[in-house]
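I have placed the structure first, in the form of structure tokens, so that the comments after it can refer back to it.
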Amino acid sequence: KGMKLLQQCASTNQCIAFRDKEVPLPLIYDVLKTATYTSTAASADNVEFVVVRNKENIAKIADQCPKQSWLAHVPCMIVVINDSSKAKMLYGERTEQYCMQAVGAAAHLIMLQAAEKDLATYVVRLFNDKAVRRIIEAPDEKKVEIMLALGYPKEKKSKEKPLDVGKATYFEKYGNKTT
Numbered sequence: 357k358g359m360k361l362l363q364q365c366a367s368t369n370q371c372i373a374f375r376d377k378e379v380p381l382p383l384i385y386d387v388l389k390t391a392t393y394t395s396t397a398a399s400a401d402n403v404e405f406v407v408v409r410n411k412e413n414i415a416k417i418a419d420q421c422p423k424q425s426w427l428a429h430v431p432c433m434i435v436v437i438n439d440s441s442k443a444k445m446l447y448g449e450r451t452e453q454y455c456m457q458a459v460g461a462a463a464h465l466i467m468l469q470a471a472e473k474d475l476a477t478y479v480v481r482l483f484n485d486k487a488v489r490r491i492i493e494a495p496d497e498k499k500v501e502i503m504l505a506l507g508y509p510k511e512k513k514s515k516e517k518p519l520d521v522g523k524a525t526y527f528e529k530y531g532n533k534t535t
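According to our numbering, the sequence shown is numbered sequentially starting from 357.
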């Protein structure tokens, strides 16, 4: 039983080849529902989602993602938005950092739940956030932080090699490998 989450993490991978099959809206809601359990700075609920399924809008978004033209053919894009204004009073200059942590956690929960539902995701790493914000008609104070392609994979492939926890872990102080 204890290995279930680890196995789930291992099953999520970056998919760039999706089947031409629409993802039903109830399934998208199910995937997004998991992300709503993300802990946010000061319970500010700064994480918001825009689901894009219209092929014309997906193509416009793909045009804003250099060297990722294949994104024009994904069945669904989830644009993850950060509305840090809700936490600014409490955290001042650190607001963006704390709110971005919640956005990243929400995106990862989406990826895990998508894998649980036999869907695949791709984290879009390079995009013009201002242009995407205009395409989805989000207000200027909302920041597009992460985008995820979502759909049924054409083929199942194994995940890239995970980070070596032994090399990336220190105890008490950076660089200390002993307990």
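Even glycine gets a Cβ: it sits at the ideal position worked out from N, Cα and C.
Taking Cβ to Cβ, would you say residue i is nearer than 8 angstroms to residue j?
{"i": "Q424", "j": "N484", "result": "no"}
{"i": "V500", "j": "A458", "result": "no"}
{"i": "A463", "j": "I502", "result": "yes"}
{"i": "Y526", "j": "K517", "result": "no"}
{"i": "K498", "j": "L383", "result": "no"}
Let me confirm a value: residue i is counted as buried when at least 16 other C-beta atoms fall within 10 Å, else exposed. Which label applies?
{"i": "Y393", "result": "exposed"}
{"i": "V480", "result": "buried"}
{"i": "A476", "result": "buried"}
{"i": "Y478", "result": "buried"}
{"i": "V488", "result": "buried"}
{"i": "L482", "result": "exposed"}
By the DSSP assignment, the beta strand (DSSP E) with residue i in it spans what residues?
{"i": "G507", "result": "499 to 507"}
{"i": "T392", "result": "Run containing T392: none; DSSP gives neither H nor E here."}
{"i": "E404", "result": "403 to 408"}
{"i": "T477", "result": "476 to 480"}
{"i": "V436", "result": "432 to 438"}
Is residue i near the ligand HEM - that is, is its Cβ less than 7 angstroms away from at least one heavy atom of it?
{"i": "M503", "result": "The ligand HEM is not part of the structure shown, which contains no ligands of any sort."}
Can you check which of these residues, the options, is closest to residue i by C-alpha distance?
{"i": "V408", "options": "V435, V521, N532", "result": "V435"}
{"i": "E319", "options": "L381, Q370, K411, I437", "result": "An answer regarding residue 319 cannot be provided, because it is not within the stretch 357 to 535 covered by the chain."}
{"i": "L381", "options": "K360, N402, V406, V500", "result": "V406"}
{"i": "K486", "options": "L383, Q370, K416", "result": "K416"}
{"i": "R490", "options": "F527, I414, E449, G531", "result": "I414"}
{"i": "L506", "options": "W426, K517, P422, K360", "result": "W426"}
{"i": "K411", "options": "S441, D439, D401, E378", "result": "E378"}
{"i": "D496", "options": "D439, K360, Q370", "result": "D439"}
{"i": "A418", "options": "L465, L504, A524, D401", "result": "L504"}
{"i": "M456", "options": "P509, Y508, D401, D520", "result": "D401"}
Between which two residues does the alpha helix (DSSP H) holding residue i run?
{"i": "A487", "result": "485 to 491"}
{"i": "V521", "result": "521 to 524"}
{"i": "N413", "result": "411 to 418"}
Worksheet item: Between the region 369 to 378 and the region 421 to 439, do at least 3 Cβ pairs fall closer than 8 angstroms?
Response: yes
Practice prompt. Please determine if the region 469 to 478 and the region 384 to 391 are in contact, where contact requires at least 3 C-beta pairs separated by less than 8 angstroms.
Written response: yes
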